[in-house]
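Protein sequence lines, in the order shown, are assigned to chains A and B.
The C-terminal residue of the first sequence carries number 206 in numbering that gives the first Met the number 0, and the numbering is unbroken.
The C-terminal residue of the second sequence carries number 206 in numbering that gives the first Met the number 0, and the numbering is unbroken.
Backbone N, C-alpha and C define an ideal beta-carbon position, used for all residues, glycine too.
Since we're looking at a predicted model, the values are computed, not measured.
To start, the structure under review is shown below, and the notes come after it.
2 protein chains.
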Amino acid sequence: MPRPRSLTTAGIAAAALAVVERDGLAALSMRAVAAEMGVGTMSLYRYVRGRDELEDLVVDLVLAGVDTAVPPGDPWPARVATLAERARAAVGAHPGVVPLLLTRRHASAGTLRWGEAVVAALADGGFTGEARVIAFRTLMSYVLGAVQVEHLGPLSGPGTAAIAALPAERYPVLADTAAHGRGIAADDEFRRGLAVVLRGLGAADGA
Amino acid sequence: MPRPRSLTTAGIAAAALAVVERDGLAALSMRAVAAEMGVGTMSLYRYVRGRDELEDLVVDLVLAGVDTAVPPGDPWPARVATLAERARAAVGAHPGVVPLLLTRRHASAGTLRWGEAVVAALADGGFTGEARVIAFRTLMSYVLGAVQVEHLGPLSGPGTAAIAALPAERYPVLADTAAHGRGIAADDEFRRGLAVVLRGLGAADGA
DNA sequence: GGGGATAGGCGTACGGTGTACTCGTATCCC
DNA sequence: GGGATACGAGTACACCGTACGCCTATCCCC
C-alpha cells in the first residue's frame, strides 16, 4: 500500500565506499553519502540506523568479496595461508577503510564465513578444543595486526627510513634492522610472517 | 621577558587521558580537555598543534609507562615475552585508548624504546638481516592484533557467546570453537598465542 | 619603582558534523 | 477516484575543530 523504497542498503554501501575512495575516510559523512546518491541527508535514516551502521555496511561490502572456498585436497597450512592472503588482498583493495575494519570487523557476516573456513582447516589439521581456539585467535591476531602494520607503517615507507636514520648510539639494533627492511616487499613480509605463525602451529614447513 | 607558561604538555596529556577514562574516547575533544584543566579552549593551541597532536600525547603517555629494561641473563624468548606482556599490560590499563594506539603508535618515542629492546633480544637469539626484520614485524603484528582482538571481541564477551549460539548447520566448526573459548582467560590467551609465535621463530619451548 | 616589550590566555565566529522532529506527498490498494 | 501508508526531505540544534585578533599578565631594563 505505501510507496515503494527507492534506495537499497547495498547501494548506500557502494556510495559510501565510493566517497571513501575518492575523498578519503575523513570525508565519509551522512551528508556526503546522501549527496553521492542525489538524495536528502535524512533520507538515509530510513535505511540505516545512523553513522555507525553506515560504517558497518562499508566493512561488510569490502569483506563480502573474500572467497572462502578452498581446495579441500590442500594440506591445512596451505588452506589457512590461502584464506589469510585472500583476506589481506580484500582489505588491500580498499586501503582507506582499514581503520573501519579494525573496529567494525565483528559486525560483519563476511567475517563469520571466513572464520568458519579457517577453523574448518584447523580442524582438519587435528586441532580440537582450546588448542583450536588459540590457533584461530592467534591467526586472527596476526592477520589483523599485519594488515594494520602494513598500512600504517609499511617497510617501504618513510617511517622505516626515519628509523634507519636514527642515532645509532641510542637505537643501534633498531636502526640496523630498519635498514635491512627497506627492500622487503609487502607481499613477502606478510607471507613470511604468516609462515612463522604456521610453523609455530606445528605446520611441517612454512607453507 | 614574556609571561611564563602555565601549562605543560604532560599536564595536557594527563587531562586528556582523564577525560577518556571518565567519559570515553568519543568525548575526547579540545573543548573537553580545556574544561578539564579549567582553561579556555584556544589556550591549548599554544601547547599543541591541534587535535592530532593531542592524541599523540595521550598515546605517548600510555606507552611511556612500559619498562624496557629486561634481565640480560634471560634467554631471548623469555625477554621478548616479558616485553610483549608489559606492552599489553600498559595498553590494558587504559583500554579506552586502544583505537588511538592503532593509528598513532608510530609517533611515539616509547614505541621506539620498546622496539629497540625487542630487536636487541632477537639479535641475541641469532637473528640478523631480513630474518630479524621479519621476526620483529611478526611479533609487532601479533601483539598489536592481539591487543585489539582482546578488547574488541574478548573470548569472555557477548560476541563469543553469540557465535557459539550460531546455527550449527551453517557454522559447525566455528560455533563449536567459540563454545570452547568461553573459559579461556585473556591473560592465558595472549600468553599461549605469543608462545605459538615464539615457537614459530625457533624458540625451544613456548616460553 | 616605572615603562615597555613579549607572548600567554581566550572570546568570538565560521564551517563542518550527526541526528531529532516535522510535514508534504508519491505511491498503491480498494 | 479516494484514502491509507510511510518515504523523502527541510529545518534546527548541539557539538566539533580551529582561524583570527584582542586584552593583559609577566619580566627585563632603565
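Looking at the C-beta of residue i, does it have a partner C-beta in chain B at a distance below 8 Å?
i	result
residue 48/A	no
residue 16/A	no
residue 40/A	no
residue 105/A	yes
residue 2/A	no
residue 98/A	yes
residue 158/A	yes
residue 173/A	yes
residue 188/A	yes
residue 191/A	yes
residue 122/A	yes
Mapping DSSP to helix, strand and coil, what is residue i?
i	result
residue 5/B	coil
residue 73/B	coil
residue 180/A	helix
residue 110/A	helix
residue 205/B	Its pLDDT being 42, under 50, residue 205/B is placed unreliably in this model, and the coordinates cannot settle the point.
residue 102/A	helix
residue 195/B	helix
residue 208/B	Outside the displayed span of chain B (0 to 206) sits residue 208/B, for which this structure offers no information.
residue 173/A	helix
residue 82/B	helix
residue 92/A	coil
residue 200/B	coil
List, in chain order, every chain B residue whose beta-carbon is nearer than 7 Å to that of residue i.
i	result
residue 7/A	Correct list: empty, because the minimum Cβ distance to chain B is about 24 Å.
Against residue i, what residues of chain A qualify as contacts under a CB-to-CB distance less than 9 Å, listed in chain order?
i	result
residue 215/B	Within the shown structure, residues of chain B are numbered from 0 to 206, placing residue 215/B beyond reach of any answer.
residue 90/B	Those within 9 Å of residue 90/B in chain A number zero; the least Cβ separation is about 13 Å.
Which residues in chain B have a C-beta closer than 8 Å to the C-beta of residue i? List them in chain order.
i	result
residue 139/A	144, 148
residue 180/A	129, 132, 136
8 Å is my cut-off, CB to CB: does residue i come that close to chain A?
i	result
residue 84/B	no
residue 198/B	yes
residue 43/B	no
residue 195/B	yes
residue 151/B	yes
residue 206/B	Unreliable placement is indicated for residue 206/B, whose pLDDT of 45 sits below 50; no coordinate value is reported for it.
residue 101/B	yes
residue 239/B	Outside the modelled stretch of chain B, which goes from 0 to 206, sits residue 239/B, for which no answer is possible.
residue 125/B	no
residue 24/B	no
residue 20/B	no
I'd like to confirm something about residue i: is its beta-carbon nearer than 7 Å to some heavy atom of the ligand GTP, or not?
i	result
residue 141/A	This structure simply doesn't include the ligand GTP, nor any ligand for that matter.
- Message: Which runs of the alpha helix (DSSP H) at least 4 residues long sit entirely within the region 122–171 of chain B? Give them in chain order.
- Response: You should have 128–151, 157–163.
- Pull out every residue of the region 51–82 of chain A whose Cβ sits closer than 8 Å to any Cβ of chain B, in chain order. Listed in sequence order: no entries.
- Message: To test your reading of the DSSP string, which unbroken alpha helix (DSSP H) runs of 4 or more residues are found completely within the region 5–52 of chain B?
- Response: The region 5–52 of chain B contains these whole alpha helix (DSSP H) runs: 8–22, 29–36.
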